[in-house]
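Oh and the sequence shown: position 10 is 45 in the numbering used here, straight run, nothing missing.
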Amino acid sequence: MNDELLLSLASWPDSDPRATSLSSLIPRIQSERGPFKNVSEEGLQEEIAAAEKQKQDQKDGEGGDGDGPNASRDDDDQANGITDEQQPNPRETLGLKRQELIKLVEQAQFEAMYALDFVSLLLSNVRPAHADASMSRHLKDNVPSGTLGAESIRFKDPGGSAKSDYDTISKGWRSEALAQSASSLLAAASRLAQESEREEMYWEDVLDVKREGWAICRIQRESQSLGVRFGFSEAGADEKYRGLGVLRKGSDGTITMQDLGQGNTNRNAVRVRISRNGKITGVSKPFADESQTSGITSMIRTARNYAYEHELFLEIAREARALANLGFRNTDEAITFELGHGASVIIDMMNNADISSEASSTTEDYLAQGISMALHLLLSHAHRQNLKRRRLPPPMLNRPLPSLPLILLRPIASHLRHKDNTDEFKSLTGSLCRYAKSAALKSHISLERCHNFLSKDLDTVEATIDSLVGFLESKATIVFPGTWKVIVLIQTLLGPSIFGTRFVVQTAHDGSCATLMGNNVFTSQAEVQRYLRWCLERSIVNHIQTSNNEWSQIAMSNEMTQKGERSQYKRLRVEVEADFLTVCWTVGSGQEEQYKWEGEDGSENLDVLLKSI
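Laid out in structure tokens, this is it:
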């Protein structure tokens, strides 16, 4: 008997659904049993019982004889102690054998793929295009093409001395290969030591940058490189990207920085110049450039300074465009605003080296340098204010709030214009006081500059800058003859509701025209000077009237009369102009006479003059 087990890898066939359908069962029953009328339930049960009895008799007969293959198999099972219940199921055995065969086939497939990859890698050194077509993806991703080569060598077994020569050559080749390997390893070790020293220097410099307080970050465009943020977080949206640099490793291991914003070649700084009547009288000096000095922190500070200069000029230009109605001009890449009397301030950008090389011996360098320092301080103050505003959540609106220009030029222009207006006011009013003094009359002026904030206790820099940015007010106290006292408040603000300089005048006296006095507001120097000349006229009239009862004022004007005989009727008029003080009089029907005081010493006394009239 052939005991060889035949296996099939095909799955067990499914039962045919047509074999159990009624359309196939009914014809089969009719062909086997005939018509259905001859089939009954009792007859079918008798046939089933007869078939079972026949099977049982057949089993009993085979067991009694002890012949046949089944008998020998049962004897073996009984000898091995295996019962009928413990015998394996042929279907299960077949499934296990099938799985084992599939594993062997898969292993053979893997070995064939390995062999194919080996042959493909070997051929990639000769015919890379054809080899890549048959190479697996895993091999392509992990092993470069052409890294495996082969060379055919025909070797014949020599005999005698030739064999020893071959052995010597083989040893020489082996020795040479070992020497080359040793030298390659030594060179690799030396190179590794150098790279280790370079890496140590690089990371030491990175730690120095970190210790200085600079923020180290990753660069999105270069994930393998480190960067440093040296910009200002409160700068405008267009300037934030300028404060980022890449930390590069040099050939000797030292660290350098590449500015991603402006680049290492843009070295422009803000320059402030003072011009009077078309001639430059003052130039500011730039900050010290430390980029040429050794040290990565010096390079970072220099790059930060240049980024700050660039942002400062852009914000100044932006504010100048918004203040065009106040006299600011943005032309030829420079911002200009007038100071009055032919003076102007010019702000532009220039290369730092060119500014430093300019020989400046002008008289107003201090003013230009002060304006430059004020601009830098105001930009830092604006950054601080933006930080405070950012800490509070903005209101929820349908539209975003507009980004207003920073306040940089307005405070500086306000201080300069306030100073010029105050100096001009003091000069013109001082002339009026000199005219009165030359006539032996009491008159003087005292000025308190910026009394609204200079008298305060300013503890911090921020409080100081806040006071400088706001409203400016100087107080001038003028004493005229006749116990007249005039207080003038000079107020300057380049914003609502002044938009310039105004003069608030408060007048107090004990004359007959006190009801016409009060607070008066003037918006120009000419108006306030005209009013002060009028006050000086009335104060002299008041002085004459109080010191000499013979003279009386005519209808609150600047004219006076002295009663007497018709031929001795006297008339007096006091006039104050910008250049002199004059008294005109007539006696009777005679011609008019006058006397002028121009502020010179040795002039005649007014009281003596009145007695001589």
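Don't be surprised by glycine CBs; every beta carbon is placed ideally from N, CA and C.
In this text the structure is predicted, and so the values were computed from the model without any measurement.
task: Consult DSSP for L279 and reduce its assignment to one of helix, strand or coil.
output: Taken through DSSP and simplified to helix, strand or coil, L279 comes out as strand.
Under the three-state DSSP convention, the category D642 falls into: helix
query: What residues match up with I533 in a beta bridge as DSSP calls it?
result: Answer by DSSP bridge pairing: none, since I533 is not bridged.
task: Grab me the residues of T332's own chain with a C-beta within less than 6 Å of its C-beta, minus the 5 sequence neighbours each way, in chain order.
output: E247
task: Provide the residue span of the beta strand (DSSP E) that contains A250, from first to last.
output: A250 to R253 is the span of the beta strand (DSSP E), which, as asked, contains A250.
- prompt: How do the stretch 432 to 451 and the stretch 400 to 420 stand: do at least 3 beta-carbon pairs fall below 8 Å, yes or no?
  reply: As far as the Cβ criterion goes, the stretch 432 to 451 touches the stretch 400 to 420, which means the pair count is three or higher.
field: Which residues DSSP lists as bridging H418, in chain order
entry: H418 pairs with nothing; no bridge assigned.
task: Can you tell me which of M384, N577 and H479 puts its alpha carbon nearest to the alpha carbon of R302?
output: M384
- request: Out of K510, D492, T457 and P516, state which residue places its alpha-carbon closest to the alpha-carbon of K477.
  value: Nearest option by C-alpha distance: P516.
- prompt: In the DSSP assignment, what residue or residues form a beta bridge with I315?
  reply: S310
query: Quick one: Cα of V479 to Cα of I351, how far?
result: Correcting the residue identity first, residue 479 is His in this sequence and not Val. Going from the Cα of H479 to the Cα of I351 covers about 42 Å.
field: Span of the beta strand (DSSP E), counted from its first residue to its last, around K631
entry: E628 to W632
query: Among N640, A185, C570 and A85, which has the Cα closest to the Cα of A474?
result: N640
- prompt: Could you give the residue range of the alpha helix (DSSP H) that holds K175?
  reply: R172 to N177
query: In terms of residue numbering, what span does the beta strand (DSSP E) encompassing C485 cover?
result: Segment: none, C485 is in no beta strand (DSSP E) and carries neither H nor E.
task: State buried or exposed for D240, treating a residue as buried only when at least 16 other CB atoms are found within 10 Å of its CB.
output: buried
task: Classify A21 as helix, strand or coil using the three-state DSSP reduction.
output: The structure shown has nothing for residue 21, since the chain only spans 36 to 648.
field: 9 Å Cβ cutoff met for A304 and P321
entry: yes
task: Using three-state DSSP, classify M431 as helix, strand or coil.
output: coil
- prompt: From T542 to E572, what distance separates their C-alpha atoms?
  reply: 14 Å
- request: Leaving aside the five residues before and after I648 along the sequence, list all residues of the same chain whose C-beta is less than 6 Å from its C-beta, in chain order.
  value: W620
- request: For A85, count neighbouring C-beta atoms within 10 Å of its own C-beta (all shown protein chains included) and say buried if the count is 16 or more, exposed if not.
  value: exposed
message: Let me confirm a value: F153 is counted as buried when at least 16 other C-beta atoms fall within 10 Å, else exposed. Which label applies?
response: exposed
- prompt: Does the distance from the C-beta atom of K175 to that of Y237 stay below 9 Å?
  reply: no
- prompt: According to the neighbour-count rule (16 or more other Cβ atoms, all chains shown, within 10 Å of its Cβ), is Y470 buried or exposed?
  reply: buried
- request: With I331 as the anchor, note down where its alpha helix (DSSP H) starts and where it stops.
  value: I331 to A357
field: Under 9 Å between C-beta atoms of Q560 and L451
entry: Cβ atoms of Q560 and L451: not closer than 9 Å.
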